[in-house]
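Only one structure is covered here, and it is reproduced in the block below.
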Amino acid sequence: MALSMTFSFCPQAKATSPVAQTQSKLKQLDTKINNLRQILASAHDKRGVLNKELSGTEKQIGECVQKLRSIQLDMNAKERKINELQASVNTLNQQLSTQQQLLASHVRARYQMGEYQPLKWLLNQDNPYKVSRILTYYQYIIKSRQQLIDQIDETRKKINENKDKLHKELGKNQRLQEQLTQHQQQLQQNKSYHTTLIQSLNHEIQTNQLTLRDFQKDKDNLSRLLKSLTQQSVVQSSKPFAQMRKKLPLPVQTEHRTLQKMNQGVTFFADEGAVVTAVYPGKVVFSDWLKGYGLLLIIDHGQGFMTLYAHNQSLFKHKGQMVHQREQIASVGHSGGIKQNGLYFEIRLRGKAVSPLDWLS
1273 MALSMTFSFC
1283 PQAKATSPVA
1293 QTQSKLKQLD
1303 TKINNLRQIL
1313 ASAHDKRGVL
1323 NKELSGTEKQ
1333 IGECVQKLRS
1343 IQLDMNAKER
1353 KINELQASVN
1363 TLNQQLSTQQ
1373 QLLASHVRAR
1383 YQMGEYQPLK
1393 WLLNQDNPYK
1403 VSRILTYYQY
1413 IIKSRQQLID
1423 QIDETRKKIN
1433 ENKDKLHKEL
1443 GKNQRLQEQL
1453 TQHQQQLQQN
1463 KSYHTTLIQS
1473 LNHEIQTNQL
1483 TLRDFQKDKD
1493 NLSRLLKSLT
1503 QQSVVQSSKP
1513 FAQMRKKLPL
1523 PVQTEHRTLQ
1533 KMNQGVTFFA
1543 DEGAVVTAVY
1553 PGKVVFSDWL
1563 KGYGLLLIID
1573 HGQGFMTLYA
1583 HNQSLFKHKG
1593 QMVHQREQIA
1603 SVGHSGGIKQ
1613 NGLYFEIRLR
1623 GKAVSPLDWL
1633 S
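End of the sequence shown sits at 1633 in our numbering; the numbers just go up one at a time, nothing left out.
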């Protein structure tokens, strides 16, 4: 399993000391935190811009809806007016038809009665004045009815012209309504797009905030470990660790010696609860749970050498205790989030990882 972060474990107060190395790691972590804060600030700014654009889009949608409502009301009024004009036209058509029928029936009746025969009236010598009056009367009746018919017909034409004009305006309103409806649909699409972007940004911000919180926790853990390491004294051994190349015993005994190189160390796969032993005498400088390492034990062997034992099931030694070579210090487990039981083992020289396989027998 890959570790979430690496530490430098060496008590020497030099550039390569664990203090300097850990301070360097802290600086790197601070850089990550600052970068993440800048990303968050940028995301907040972008979200602000998107919210402003979304607000503008929603206002445009509101205005568009208001215009559509106004147009619809105007169209309804025009349709009512058209219906009223059509009713007037129908009434005038009826009046015109009635007048035309009356005129026709009047003329037919006079012909049938023989009264409307100019030659007969001229030959009638009984009362020439009467004939003249009758002719004048009938001419007046016919002219009056014809004038009425002409007025009705003229009124009907004007109403039809107004109706045609209203139909044209109604068609214009319908086209405008279609354009506004399309514009409203486009605005709705823009709104959905902005809403989706804002939701995505909210998720990104939330994720980065959680990551920032984890970084801060890692920084706190590293700071506490740095403080602890600065307080440790160098443990001097009668036989220098540097002379133990290819001579150190395995930290855990496995039946098939199953191991795997991982990151800067090696993992020994073993049964849960298997005994973990110190590979060399020294002083326990860390014995606790640490993110990415689980239950972790670190031994300072002096002269810049340290060994690290991670993902244990249980720790048998406490910080500050002295241990002997092959002394039991922990039991194999899978703490720290790994899925398979195993001991993760590292050797550090002045904060720099060295290959454990070059030192183990």
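Ideal Cβ positions, reconstructed from N, Cα and C, are used throughout, including at glycine.
{"query": "Candidates Glu1450, Phe1541, Phe1558: which alpha carbon is nearest asparagine 1493's?", "result": "Phe1558"}
{"query": "In angstroms, rounded to a whole number, what distance separates the CA positions of serine 1327 and asparagine 1462?", "result": "11 Å"}
{"query": "Taking 8 Å as the cut-off, does the region 1594-1605 touch the region 1540-1555 (at least 3 CB pairs, one atom from each stretch)?", "result": "yes"}
{"query": "So, for asparagine 1323: in the same chain, excluding its five sequence neighbours on each side, which residues have a beta-carbon less than 7 Å away from its beta-carbon?", "result": "Ile1470"}
{"query": "Does the contact criterion of 3 or more C-beta pairs under 8 Å hold for the region 1578-1596 versus the region 1614-1625?", "result": "yes"}
{"query": "Taking only three categories from DSSP, how would you classify serine 1509?", "result": "Low local confidence applies: a pLDDT of 43 at serine 1509 is under 50, so the model's placement there is unreliable, and no value is given."}
{"query": "If you drop the 5 nearest sequence neighbours on each side, which residues of the same chain put their C-beta closer than 8 Å to that of valine 1361?", "result": "Arg1428, Ile1431, Asn1432, Lys1435"}
{"query": "Using the rule of at least 16 other Cβ atoms within 10 Å of the residue's Cβ for burial, across every protein chain shown, is aspartate 1490 buried or exposed?", "result": "buried"}
{"query": "Using only the alpha-carbon positions, how far apart do histidine 1466 and glutamine 1446 sit?", "result": "30 Å"}
{"query": "Can you give me the start and stop residues for the beta strand (DSSP E) that tryptophan 1561 sits inside?", "result": "1554-1562"}
{"query": "Check the DSSP bridge columns for threonine 1370 and list the partner residues they point to.", "result": "DSSP, once it has assigned bridges, lists no residue as partnering threonine 1370."}
{"query": "Does the Cβ of serine 1627 have 16 or more other Cβ atoms within 10 Å, making it buried, or fewer, making it exposed?", "result": "exposed"}
{"query": "What does glutamate 1544 pair with, by DSSP beta-bridge criteria?", "result": "BP columns for glutamate 1544 are empty, so no partner."}
{"query": "Evaluate serine 1510 with the Cβ neighbour count: other Cβ atoms within 10 Å of its Cβ, from every protein chain shown; 16 or more gives buried, anything less gives exposed.", "result": "At serine 1510 the pLDDT is 49, less than 50, meaning the model places this residue with poor confidence and gives no usable figure here."}
{"query": "Three-state secondary structure (DSSP) at asparagine 1584?", "result": "strand"}
{"query": "Between proline 1512 and glutamine 1575, is the Cβ-Cβ spacing less than 8 Å?", "result": "yes"}
{"query": "For glycine 1614, count neighbouring Cβ atoms within 10 angstroms of its own Cβ and tell me buried if that reaches 16, exposed if not.", "result": "buried"}
{"query": "Output yes or no for whether 8 Å exceeds the beta carbon distance between leucine 1568 and leucine 1562.", "result": "yes"}
{"query": "Which residues does DSSP pair with glutamate 1618 in a beta bridge?", "result": "Leu1580"}
{"query": "Roughly how many whole angstroms lie between the Cα atoms of tryptophan 1631 and proline 1553?", "result": "15 Å"}
{"query": "Ordered along the chain, which non-local residues of its own chain (more than five positions away) have a Cβ less than 6 Å from that of serine 1505?", "result": "Any reading at serine 1505 is ruled out, since the residue's pLDDT is 40, under 50, leaving its predicted position unreliable."}
{"query": "Do you know whose CA, among Lys1533, Lys1589, Gly1537, lies nearest lysine 1555's CA?", "result": "Lys1589"}
{"query": "So for alanine 1315, helix, strand or coil by DSSP?", "result": "helix"}
{"query": "So, with DSSP's three-state summary, where would you put leucine 1448?", "result": "helix"}
{"query": "Assign leucine 1482 to buried or exposed, taking buried as 16 or more other Cβ atoms, counted over all protein chains shown, within 10 Å of its Cβ.", "result": "exposed"}
{"query": "Would you tell me roughly how many angstroms separate the C-alpha atoms of glycine 1566 and serine 1586, rounded to the nearest one?", "result": "10 Å"}
{"query": "So if DSSP puts glutamine 1600 in a beta bridge, which residue, or which two residues, is it bridged to?", "result": "Thr1549"}
{"query": "Along the chain, where does the beta strand (DSSP E) containing methionine 1534 start, and where does it finish?", "result": "1531-1534"}
{"query": "Is leucine 1442 closer than 8 Å to leucine 1350 when the C-beta atoms are compared?", "result": "The identity of residue 1350 in the sequence shown is lysine, whereas the question assumes leucine. For lysine 1350 and leucine 1442, yes; Cβs fall inside 8 Å."}
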